[in-house]
Amino acid sequence: MTTPDPAGTQQTSDAVAQAPTQEVVDTAVRKARGALARYRVMALITGVMLLILCVEMIVKYGVGAFVDVDGVMRFVGWIPFAHGWIYVVYLVTVLDLWSKMRWSWGRLTSMVFAGVVPVMSFVLEKKVHREAEAKLDALVEQYAR
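Following this line, the structure appears as structure tokens:
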């Protein structure tokens with residue numbers, strides 16, 4: 001009796017789990033590296049936009065309490081909307097990378113919060129990149145033939 005596995009190939013029910021082919025490993029690693037690159041770009045863009053948003057809020061609510069800043073706010077009013085949409089794209093890249101790397105729910109939570117806590121996206125991006133590269137390099141080495 002044969003049963004399909006998630007990759008779509010047929011396996012006998014009494015067969016021992018076989019190692020994936022080199023082509024499957026190479027494809028998975030290539031896709032994960034692509035997801036990592038997209039995540040890195042979006043983490044940096046989201047972090048920069050969040051810092052710009054913080055400056056905008058300081059000007060609006062801090063300085064605006066003492067000085068009329070309506071003229072300036074007309075030019076920077078787009079920042080909250082831009083950050084919001086950039087954050088949505090960031091979340092998509094986070095989910096993509098998280099699912100490809102098969103990380104824990106805690107990692108997903110920390111990556112999601114990194115987009116809303118100033119400077120956290122820069123710090124976490126370095127850590128995520130380092131750990132993802134190590135995991136992918138180990139996977140390539142494990143299945144190298």
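Those letters in the sequence shown? Residues 1 to 145, per the working numbering, in order.
Idealized CB from N, CA, C, for every residue including glycine.
Residue i classed as buried or exposed, judged by whether at least 16 other C-beta atoms fall within 10 angstroms
i, result
"G71", "exposed"
"E125", "buried"
"V128", "buried"
"Y61", "exposed"
"M57", "exposed"
First and last residue of the uninterrupted alpha helix (DSSP H) at residue i
i, result
"Q142", "120 to 142"
Three-state secondary structure (DSSP) of residue i
i, result
"F113", "helix"
"R107", "helix"
"W78", "coil"
"D68", "coil"
Contacting residues, own chain, Cβ-Cβ under 6 angstroms from residue i (five flanking each side not counted)
i, result
"A114", "M120, S121, L124"
"Y90", "M42, T46, G115"
"A35", "D96, L97, K100"
Beta-carbon proximity of residue i to residue j, cut-off 7 angstroms
i, j, result
"V175", "L136", "Because the chain is modelled from 1 through 145, residue 175 falls outside the range shown and cannot be assessed."
"L50", "P118", "yes"
"V59", "V69", "yes"
"V94", "M111", "yes"
"I154", "L53", "The requested residue 154 does not occur in the structure, where the chain is confined to residues 1 to 145."
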